[in-house]
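Structure, as structure tokens:
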Amino acid sequence: MFDLLSLKILIFTPVLAAIIIASPLFGTNFIYIRRFAKTCGTIHFLYSLLFIVFYNFGVESFYDEIMIFGSGWLEKLGINAAFGLDGLTVLLAPLTSFIFLISLIVSKTMIRTKHKMYYSLMFILLSTVLGVFCSKDMFLFLIFWEAELIPLYFLISEWGSCNCKHSAMKYLLYIFCGSIFLSVAMIGLFFYGYLSNGELSASIDFLRVSMTDGIFPVFLKKLLFFGFFTGFAVKLPIIPFHIWFTDSQSDSATPISMVLSAIIINTGAYGIIRFNLDLFPELFIKYSPFIMIFAVINIIWASLAAFKQNDIKKTIAYYSISQMGLFLLGLSSLNKIGLDGAIFIMLSHSFISAGLFLITGLIYQVAKTKTLQELSGLGEFMPILMLFAYVINFAAVAVPLTIAFPGQLLVFLGAFSSDCSIEPLAKICSFIAILIMLLAASYIFKLFHKIFCTSQFYSTKKYHDVSGHRLMCIAVICFCIILFGCFPDSLMSIYNNFTESLLEILRV
Amino acid sequence: MDLLIFEIKNIFLPETIIIIAALFNILLSLFFGKNAYKFSERLTLVSIIISLASLSFGISHCGYTIFSENFIQTNFTIIMKVLILLGAIFTVLLSQNISKKLKNQAFEYHSILLISIFASMCLVSSNDFIPLFISLEILSVTSSLLIAFWNKYKPKEAALKFIINSAVATGFLLLGISYMYGISGELNFSLLNINYYSQDTSLLFGISSVLIIIGLTCQLGCMPFQRFVPDIYQGSPYPIAAYLSVVPKLAGFGILARIIGTLMYDTPILQFVISFAALYTIAYGLIGGIRQTDIKRFLAYSSVSHCGFMLLSLSIFSNYGVSSFIYYALVYLFMNFGVWAAAIIFVNCSGTDNIKDYRGIFYIRPYYTVAFLICLISLAGLPPSSGFLSKLYLFIALTRLDVSGLPILIPASLLTVIAVFLYFNIISLMFDRTPKNNCIIPAQHMNTKIVVYFCTLMILLTFFFANKIIALSMFASIGI
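So the sequences go chain by chain: A and B.
According to our numbering, the residues represented by the first sequence are 1 to 508, in order.
According to our numbering, the residues represented by the second sequence are 1 to 480, in order.
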């Protein structure tokens with residue numbers, strides 16, 4: 001539509017910014033580096049908003065392809081560097097950019113060393129995540145998926161606390177194991193696409209067509225489905241594979257925790273929608289009861305584990321995991337309401353977990369601890385922080401007029417009304433999930449009550465309340481939470497077409 | 001006579017230039033004084049570059065056999081020779097430091113190096129078992145000479161180990177060749193190909209194939225002979241170890257690919273043997289590398305694992321397999337020389353081999369460490385480096401358009417997880433927050449730096465412009 005709105009620019013300008021930051025241009029003057037980074041982040045966010053503004057509903061717009069010497073990037077192997085946006089990713093891309101901008105702004109006081117490396121790695125990470133969301137080619141997806149490992153490894157290990165080296169290695173190995181499953185499944189899919197159509201192509205649209213040909217042996221199809229699901233389950237994270245997430249969350253610095261829980265998890269959720277649901281609809285229908293059980297296990301386990309955590313960051317990490325369980329529950333209900341709810345949970349969880357981690361980061365900055373026992377009575381000194389914390393807290397337990405409410409409501413409605421193959425399962429699952437989400441309300445309340453409202457017992461030090469850029473960041477997040485809570489339709493109308501097309505695939 | 005001139009002029013010119021340069025090096029050592037090592041270096045470098053350029057004369061004569069069918073010129077051999085000569089250029093650039101120490105002996109050193117390169121080139125293009133055997137012998141003798149050039153205990157020990165192992169391997173090779181001769185009465189690949197290809201499925205033929213492969217694996221450092229590789233590399237000086245880890249291996253893999261492509265055919269047993277050897281080699285290299293504290297031993301184990309991957313690509317028995325091998329070999333050349341050159345810079349500055357001393361090097365020399373990092377990431381096989389793409393291409397080729405490759409694909413891809421762990425251990429050391437090592441002074445070795453940065457650049461370029469290279473490798477894999 002517009003030459004100006006190019007996905008290449010959206011994806012690769014952050015790399016350019018990273019190179020400029022890493023070059024000797026700024027010397028060691030970290031103030032300029034930080035300002036430059038924030039400016040770039042702002043421009044990038046505004047630019048990504050243009051994609052929503054000019055998004056052409058209904059048709060897939062913003063297709064873009066990188067040509068090298070007049071041919072596709074790896075045409076010989078059927079791999080093209082093709083990018084595109086659909087109804088879901090047109091929301092996810094600006095969201096990514098927004099969360100990165102917020103975390104770049106709050107890095108001012110939270111990152112005190114190695115500014116040059118930090119900001120350039122953040123921009124490289126932004127570019128890889130956008131690549132994951134935008135790629136229209138299976139192997140290109142894999143490349144961005146694996147390229148994400150390197151900057152995030154350094155971000156966790158270099159600016160973390162305690163055991164961060166260990167956690168970073170854990171993160172790396174877990175996700176790489178998952179991506180091995182992904183790559184084997186992708187290679188299998190690639191060749192069956194070739195066998196059914198006689199054309200080597202890894203384009204997702206092409207594979208969707210060739211999957212319906214029926215040449216696939218059912219056993220192999222199951223194997224591929226399992227491979228994809230395992231790969232994304234590690235990232236999501238689904239319960240047996242969640243150790244990397246809680247560990248790296250508790251050890252990494254606040255801005256990186258925000259990015260990890262708000263964005264990186266979303267890539268896993270996006271992958272399940274993009275590959276498992278989109279390419280294997282009949283298997284997804286067949287296995288939806290199991291996925292539903294997985295989802296409920298996720299919710300129960302995460303909520304119970306969150307109760308016993310001493311580390312407030314770990315508690316919030318378990319909150320993220322339970323939200324992802326809700327996402328899976330909505331997805332496995334396989335009707336319009338449930339799918340709408342699942343996608344809304346993806347979006348709402350980004351805002352809420354970013355807000356929660358930001359608050360823990362701010363608390364850590366003043367109190368120098370993130371152990372729950374040592375924290376109490378901060379509300380006396382920090383009323384403004386307490387106010388915003390309670391707004392996010394209410395959002396986290398899905399109070400109406402906050403962003404989480406529509407998502408959870410839709411998920412539960414969808415799960416109740418789903419025509420799952422095993423009859424009472426869906427109803428039982430959603431009933432359990434509702435009960436457990438009440439539990440979620442209690443642990444989040446318990447956490448904030450202990451931090452803010454009990455009387456202070458250990459220190460007479462005076463704490464300063466939040467102000468300046470920190471106040472602005474948290475206020476913006478709260479504003480978004482309330483705005484989209486009051487007008488959820490503004491988001492839903494954008495991805496409405498996407499869920500419609502998913503349902504069409506499921507009906508066939 | 002005319003025929004001989006034609007053959008030399010059009011096909012054998014690169015080898016001729018190399019051997020003339022080697023002889024000149026010996027001759028000139030009589031006339032020049034102690035400080036002429038630079039002259040020797042330049043002479044060697046220029047001759048290698050001229051030889052590289054003269055390869056272009058042969059392009060229009062592909063498929064020709066020369067010297068009564070003893071050598072052959074194909075697209076594949078030309079590409080392998082380009083890789084060998086590139087490796088030779090890197091080696092000469094890297095050995096600047098040691099040739100300075102050698103003074104007048106530098107002529108001798110370079111001539112042995114050139115003869116070794118000559119043998120590698122002959123090995124790749126040999127079309128008969130006799131020239132194959134002779135060039136293999138020259139290659140192993142010159143390799144052990146290069147190791148033993150230093151009058152110290154460790155290099156001598158390493159050279160002895162190498163000689164003994166290659167002698168054992170030669171025994172296997174000779175046995176295999178004699179069986180082959182016993183079945184067919186032929187030693188020439190072309191004749192064997194015409195008479196025996198797709199006819200003989202007897203056990204004896206299979207045994208002789210396996211024996212020939214075992215005989216070649218000593219040069220490759222693959223399965224039965226992988227154990228001595230770390231010892232040898234630890235004993236030899238850095239540039240020689242870098243040379244041994246790439247150039248003779250590429251020559252050995254080249255001839256192995258040609259033997260497999262022309263003589264052997266796709267029997268399940270042979271496939272099983274090769275892929276089992278490959279998987280074992282990969283696992284040995286990766287698991288053995290985890291506990292190493294010496295950078296040379298670490299890199300030796302890493303090169304063993306990569307040779308396993310290259311051997312795996314030869315187990316595919318198709319054009320796809322050879323093409324993926326060529327791409328892997330090209331990438332391996334750059335990433336391995338890059339990482340060895342980075343290690344050379346470090347050892348020249350700090351004087352230690354210990355991996356622990358790399359702690360915190362990023363905060364002292366950031367740009368150097370980033371180049372090192374890119375090489376290591378490429379070795380680990382993560383994007384955006386061509387190490388990822390070469391493994392992906394190998395795995396794609398492994399499936400062979402059906403599920404029969406799956407039992408090999410899955411363990412091979414699971415082993416790459418260990419690779420990531422292995423290389424990120426070093427990387428996490430380099431970025432550690434407490435820099436211990438303060439003895440690093442600015443490196444003065446321009447040539448080594450050139451190699452590091454050039455290799456890093458090429459690792460990225462072969463990723464972004466992989467289409468051309470894969471097209472080229474597919475073209476070269478046809479008439480192997």
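Beta carbons: idealized from backbone N, C-alpha and C, even for Gly.
Everything numeric in this text was worked out from a predicted model, so none of it was measured.
Only those residues of the region 428-439 of chain A whose C-beta falls short of 8 Å from the nearest C-beta of chain B would be listed, and there are none. Between A/Met-169 and chain B, the shortest Cβ-Cβ separation is below 8 Å. For A/Ala-17, no CB of chain B lies under 8 Å from its own CB, so it is not counted at the interface with that chain. Look at B/Ile-11 here: in three-state DSSP terms it is coil, with no helix or strand label.
Ranked by Cα distance from A/Leu-401, the first of A/Leu-438, A/Ile-345, A/Ile-384 and A/Phe-487 is A/Phe-487. At a cut-off of 8 Å between beta carbons, B/Phe-475 makes no contact with chain A. A/Ser-6 has a beta carbon lying at 8 Å or more from every beta carbon in chain B. Of all residues in the region 170-193 of chain A, the ones placed with a Cβ closer than 8 Å to any Cβ belonging to chain B are Leu-172, Leu-173, Phe-176, Cys-177, Ile-180, Ser-183, Val-184, Ile-187, Gly-188, Phe-190 and Phe-191, in chain order. Straight across, the Cα-Cα distance linking B/Ser-473 with B/Tyr-327 is about 7 Å. For B/Pro-383, the C-beta contacts it makes with chain A under 7 Å involve Ile-143, Glu-146 and Ala-147, in order along the chain. B/Asn-188 is bridged by DSSP to B/Asp-128. In this structure, the alpha-carbon of B/Asp-357 lies about 46 Å from that of A/Asn-276. Sequence-ordered contacts of the region 406-435 of chain B with chain A read Leu-406, Leu-409, Ile-410, Ser-413, Leu-414, Thr-416, Val-417, Val-420, Phe-421, Phe-424, Asn-425, Ile-427, Ser-428, Phe-431, Asp-432 and Arg-433 [C-beta pairs closer than 9 Å].
Between A/Ser-261 and A/Asn-80, the C-beta spacing is not below 8 Å. Taking the Cα positions, A/Pro-217 is about 13 Å away from A/Leu-283. For B/Asn-75, no CB of chain A lies under 8 Å from its own CB, so it is not counted at the interface with that chain. Residue A/Asn-56 holds the alpha-carbon nearest to the alpha-carbon of A/Asn-497 among A/Asn-56, A/Phe-12 and A/Val-209. Chain-ordered, the chain B residues with CB closer than 8 Å to the CB of A/Phe-69 read Phe-465, Asn-467 and Lys-468. Among the residues facing chain A, B/Phe-388 is included, as its CB has a counterpart in that chain under 8 Å away. Relative to the Cα of A/Phe-83, the nearest Cα in the group A/Phe-290, A/Tyr-63 and A/Thr-96 belongs to A/Tyr-63. In terms of Cα proximity to B/Cys-307, the closest of B/Phe-225, B/Arg-433 and B/Leu-136 is B/Phe-225. Runs of the beta strand (DSSP E) lying entirely within the region 89-155 of chain A, each at least 3 residues long, are absent. Look at the region 262-337 of chain A and you find these whole runs of alpha helix (DSSP H), each 4 residues long or longer: 265-271, 281-307 and 312-333. Neighbourhood of B/Tyr-109 in chain A, by CB distance below 7 Å: empty, with the nearest CB roughly 39 Å away. Pairing A/Ala-415 with A/Leu-329 gives a Cβ-Cβ distance under 8 Å. Excluding five sequence positions before and after A/Leu-172, the CB atoms of its chain that fall closer than 7 Å to its own CB belong to Leu-149 and Tyr-153, given in chain order. In this chain, the alpha helix (DSSP H) harbouring A/Phe-498 covers 489-507. In the three-state scheme derived from DSSP, where H, G and I count as helix and E and B as strand, A/Gly-72 is classed as strand. Annotation for A/Leu-85: no alpha helix (DSSP H) segment contains it, though the beta strand (DSSP E) segment containing it runs 81-85. Listed along chain A are Lys-76, each with a C-beta nearer than 7 Å to that of B/Ala-471. Distances from the CA of A/Cys-164 to each of A/Ser-257, A/Leu-385, A/Lys-446 and A/Leu-121 were compared; the closest alpha carbon is that of A/Ser-257. Among the residues of the region 137-169 of chain B, none has a Cβ less than 8 Å away from any Cβ of chain A. Any Cβ of chain A closer than 8 Å to the Cβ of B/Phe-395 would place that residue at the interface, and such an atom is present. B/Phe-24 has its alpha-carbon roughly 35 Å from the corresponding atom of B/Ile-177.
Boundaries of the alpha helix (DSSP H) around A/Met-211: 204-211. Straight-line measurement puts the Cα of B/Val-168 at about 12 Å from the Cα of B/Ser-140.
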